[in-house]
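In what follows, a single structure is set out as structure tokens and then discussed.
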Amino acid sequence: MMLDQVSKPAYPDFHALVDLQAGLVDRSIFSDEEIYKLELERIFARGWNFMCHESQIPKPGDFFLSFIGDDSVIATRDKTGKLQVFLNTCRHRGNAVCRAEQGHTKSFLCTYHGWTYGLDGKLIGVPGYKDFYHEDLDRSQWGLVAAPHVESYKGFVFACMDPDAPNLNEFLGPVGRMCIDQIASRGKLAIVDGVSKNIIGCNWKLAVDNVFDYYHVITHMSAFMSGGTAPVIRGGPGGSEPQRTVLGEYGHAIGGPKLTEEDVDAMKASPNDAVAQSRDLYHRMLPEVQETLGDVGVYAQGHPHIFPNFWVSGNQVSLRIPRGPNKTEIWWFTFLDEDMPKETRDMRMHRAIHAFGAAGMLEQEDGENWDQSTRATRGVLAKRYPLNFRMGMGHDIVQKDEKSGISYIDTLVSEHPQRWTYRAWADWMTAESWADLKRDRAPIPEGIA
Ligand code: FES
Ligand SMILES: [Fe+2]
1 MMLDQVSKPA
11 YPDFHALVDL
21 QAGLVDRSIF
31 SDEEIYKLEL
41 ERIFARGWNF
51 MCHESQIPKP
61 GDFFLSFIGD
71 DSVIATRDKT
81 GKLQVFLNTC
91 RHRGNAVCRA
101 EQGHTKSFLC
111 TYHGWTYGLD
121 GKLIGVPGYK
131 DFYHEDLDRS
141 QWGLVAAPHV
151 ESYKGFVFAC
161 MDPDAPNLNE
171 FLGPVGRMCI
181 DQIASRGKLA
191 IVDGVSKNII
201 GCNWKLAVDN
211 VFDYYHVITH
221 MSAFMSGGTA
231 PVIRGGPGGS
241 EPQRTVLGEY
251 GHAIGGPKLT
261 EEDVDAMKAS
271 PNDAVAQSRD
281 LYHRMLPEVQ
291 ETLGDVGVYA
301 QGHPHIFPNF
311 WVSGNQVSLR
321 IPRGPNKTEI
331 WWFTFLDEDM
341 PKETRDMRMH
351 RAIHAFGAAG
361 MLEQEDGENW
371 DQSTRATRGV
381 LAKRYPLNFR
391 MGMGHDIVQK
401 DEKSGISYID
411 TLVSEHPQRW
421 TYRAWADWMT
431 AESWADLKRD
441 RAPIPEGIA
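Written as structure tokens, this is what we have:
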């Protein structure tokens, strides 16, 4: 037997752990250490990861610290203005070469022994190169490790460490692009300084799952009752408003409320009125935005999510960054349209601060639930019982928009987007390479969903 056959670990059957015929998900995927390590390999180290917005690093030498899975990375622009992403680790003893979260620099200096790297990642300074190394060090081989793929779509910068990955456009596909178009079409976007960051004691997938969850109205009753936030979750129990799920390649999806013809007619007639403002959809009444979003996207008012962990939420975007199986760091970036009236900008900022993030009433309530759900995936007894993902299963039809070819499901509150996300997760976890993933991933469903 060959050595690589002997040493190859046996992985679980991920399509059995996520059993979408039965609508059941095994709790181990939320707390098993080995599964978590494999997620870092097969999902984060393989996929495209959101880094930052181009406006956060507009000039050569500007940098922004981000993550690919659990690895710290530096997103920067070299002297030519080209976007670059490097692992934030010195090639000598591994120390971080960048400690500030964001800033401007001429080079990256390691504070341990002083190796220095240029903005293009090249090793340009080695103390004692002549006397201690006797010039016997090929500096060209010891630059920072660069991401082979760095690209942006409408100003949103992504990086990928796998040389075999498809380009960003192909990875996003029409639904991934639609997710970003939902925010990029909001006008002349300017980022608000600073990123809100906080840690929740949950598995990252439960925080992603909740992006599509329009069923958990009861979670937020205290926020609603306190008047701290408007009841923004529509169509939950007691509501009968329509919902739309949009299904994209590689696990991208949009899930949540669907605008009705009456909504659109009302907003077209009066795009600045209170309904349009409160629903935050005035920009969708512009013909050019309708053209960009297409017939499926313009009515999809739910939450767009780019697999694995990038959520577009109104004028904000969020990352759910894994910090171990039982810990997730939540990041919130906020954008405002420069051309917006001051009153509207103020309202958006107030909502951004008080809904999600470290001071957000909604996400603090969510986080308590995710924390408890995660704990209950560790107990030897509780672990024997799978989680229920059956809502809406077998009761809806997948439709296809002829013009764009995009598939979607129109229904009430359901768990279609969550099932699609976990199905993609099992595909990513099973595939050993991009070639496998491209060939073996589940096709977008047709017929009964
Ligand atoms: S660890 Fe960076 S110079 Fe030694
Ligand atoms: Fe919530």
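With the UniProt record's numbering, letter number 90 in the sequence shown gets 90, and the count goes up by one each step, no holes.
C-beta: ideal position from N, C-alpha, C; glycine also.
- The beta carbon of residue 309 sits no closer than 7 Å to any heavy atom of ligand 2.
- Cβ neighbours of residue 188 within its own chain (closer than 7 Å, five residues either side excluded): 337, 338 and 339.
- Going by beta carbons, residue 381 and residue 25 fall outside the 8 Å limit.
- Burial is judged here by how many other beta carbons sit within 10 angstroms of a residue's own beta carbon; residue 326 has at least 16 and is buried.
- The alpha-carbon separation between residue 98 and residue 139 amounts to approximately 20 Å.
- Under the three-state reduction of DSSP, residue 186 is assigned to coil, being neither helix nor strand.
- Under the three-state reduction of DSSP, residue 132 is assigned to coil, being neither helix nor strand.
- A check of alpha carbon separations from residue 214 across 90, 324 and 391 identifies 391 as the nearest.
- In this structure, ligand 2 has no non-hydrogen atom nearer than 7 Å to the beta-carbon of residue 104.
- With contacts defined as CB atoms closer than 8 Å, residue 75 and residue 157 qualify as a contacting pair.
- Pairing residue 397 with residue 448 gives a Cβ-Cβ distance under 8 Å.
- Around the beta carbon of residue 286, fewer than 16 other beta carbons sit within 10 angstroms, so the residue counts as exposed.
- Contact check between the stretch 313-331 and the stretch 196-215: three or more CB pairs, one atom from each, fall below 8 Å, which counts as touching.
- Between residue 305 and residue 179 a beta carbon distance of about 7 Å is seen, short of the 8 Å cut, so the two are scored as contacting.
- Its chain contains 143 as the residues whose beta carbon lies nearer than 7 Å to that of residue 122, once the 5 sequence neighbours on both sides are disregarded; these appear in chain order.
- Nearest C-alpha to residue 125 among 131, 281, 116 and 132: 116.
- Bounds of the alpha helix (DSSP H) holding residue 368 are 361-375.
- Taking 8 Å as the upper bound for CB-CB distance, residue 404 and residue 356 are not in contact here, some 30 Å apart.
- A distance below 6 Å between beta-carbons, with the five flanking residues on each side excluded, links residue 297 to the following residues of its chain, in chain order: 178.
- Along the stretch 260-341, the beta strand (DSSP E) occurs as fully enclosed runs of 3 or more residues at 303-306, 310-313, 316-322 and 328-337, listed in sequence order.
- Judged by their CB atoms, residue 20 and residue 419 are nearer to each other than the 8 Å cut-off.
- With a threshold of 7 Å, the Cβ atom of residue 160 does not count as near ligand 1, since no heavy atom of the ligand is closer than that.
- Between residue 311 and residue 171, the C-beta spacing is not below 8 Å.
- DSSP, read as helix, strand or coil, puts residue 160 in strand.
- In the DSSP assignment, residue 103 is bridged to 63.
- When rounded, the separation of the alpha-carbon atoms in residue 366 and residue 348 is 21 Å.
- With a threshold of 7 Å, the Cβ atom of residue 90 counts as near ligand 1, since some heavy atom of the ligand is closer than that.
- The shortest CA-to-CA distance from residue 168 to any of 385, 72, 300 and 51 is the one to 51.
- Out of 358, 416, 192 and 400, the CA that lies nearest to the CA of residue 212 is found in 416.
- Each residue's CA atom was taken as its position, placing residue 133 and residue 114 some 14 Å apart.
- Under the three-state reduction of DSSP output, residue 433 falls in the coil class, being neither helix nor strand.
- A residue is called buried once 16 or more other Cβ atoms fall within 10 Å of its Cβ, and residue 385, having fewer, is exposed.
- Looking at the backbone, the Cα of residue 154 and that of residue 261 are separated by about 29 Å.
- Under a 10 Å Cβ-count criterion, residue 93 is classified as exposed, with fewer than 16 other Cβ atoms of the shown protein chains found around its own Cβ.
- Counting other Cβ atoms within 10 Å of its Cβ, residue 112 stays below 16 and is therefore classed as exposed.
- Boundaries of the alpha helix (DSSP H) harbouring residue 35: 33-39, taken from the DSSP string.
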